[in-house]
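Below: the structure, in structure tokens.
Structure follows, in structure tokens:
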């Protein structure tokens, strides 16, 4: 499918106040805007959905309800996640090839380009991102990893499913920062350090999101 003459707005969605703060600070920082003033540099909107799939669906539906051109707004779900694969560490980046939950799966747009751009800001893992209705710990983490998923969170799958509903043209993506992983459980000592690392990475990776957004000008879609 041909891409439009210029990318539409970019909507970044997250669940938590701390995630919203990191993203807002990233956009306020000089490095969080396109230094060349390229397309997609200015029209960025942050939406905090609140926790859980239902909240994510409701927030995305409301945010896109007034869209001038249906499908023109690119949606990128972001924030923190639980890493599922052995060897992952707090602060690693997860770029979703697809998001999936009990309702189905949503393929992501421009995954390779987004992963390459994000790779300048940390270690990147690419693969399926699974939606859950609870914080993943212990054996549950291994069970999800056995399905092929590399990370889990509570909102991305619902957000992208809602964003993609009814239009095949909308660009969607999900990038999450690992806050805990096998060997780095939330309940263990060192969680605070992992959280600080994840916050800094989320704040710093904004230029990669903007680069992905600008790439929507290219006719690879």
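In this note's numbering, the protein residues as written are 3 to 223. The C-beta atom is built at its ideal place from N, Cα and C for all residues, glycine as well.
| Asked | Found |
| --- | --- |
| Contact under 9 Å by Cβ, residue 211 with residue 116 | yes |
| Supposed contact pair residue 20 and residue 96 - C-beta distance, whole angstroms, cut 8 Å | Going by Cβ atoms, the distance from residue 96 to residue 20 rounds to 18 Å, so no, they are not a contact pair. |
| Backbone CA spacing between residue 37 and residue 140 [nearest angstrom] | Because residue 37 sits at a pLDDT of 37, beneath the cut-off of 50, its placement in the model cannot be relied upon, and the point is left open. |
| Residues that DSSP places opposite residue 102 in a beta bridge | 107, 132 |
| DSSP beta-bridge partners of residue 80 | 177 |
| The region 198-206 touching the region 96-115, judged by at least three CB pairs closer than 8 Å | no |
| Neighbour flag for residue 147 against chain C, beta carbons, 9 Å | As a matter of chain content, chain C is missing from the structure shown, which is built from one protein chain. |
| Closest by C-alpha distance to residue 157, when choosing among 133, 167, 173, 164 | 133 |
| Assigned secondary structure, residue 13 (DSSP; H/G/I helix, E/B strand, else coil) | strand |
| Rounded C-alpha distance that separates residue 197 from residue 180 | 9 Å |
| Own chain, CB closer than 7 Å to residue 190, minus 5 neighbours either side, in chain order | Confidence in residue 190 is poor, its pLDDT being 45 and thus under 50, which makes the residue's placement too unreliable to answer from. |
| Rounded straight-line distance, which links the Cα of residue 145 to that of residue 25 | 31 Å |
| Element boundaries [alpha helix (DSSP H), containing residue 145] | 140-148 |
| Through-space distance from residue 178 to residue 159, alpha-carbon basis | 12 Å |
| Residue 90 vs residue 127 beta-carbon contact at 9 Å | yes |
| Residue 94 in three-state terms, based on DSSP | coil |
| Residue 213 burial status per 10 Å Cβ neighbour count (16 or more: buried) | buried |
| Residue burial classification, residue 105 (beta-carbon count within 10 angstroms, cutoff 16) | exposed |
| Own chain residues within Cβ distance below 6 Å of residue 72, not counting five before or after | 169 |
| Given residue 62 as reference, the closest of 218, 166, 184 once Cα atoms are compared | 166 |
| Neighbourhood of residue 120 by C-beta, 8 Å cutoff - its chain only, sequence neighbours within 5 removed | 95, 97, 126, 177, 207, 210 |
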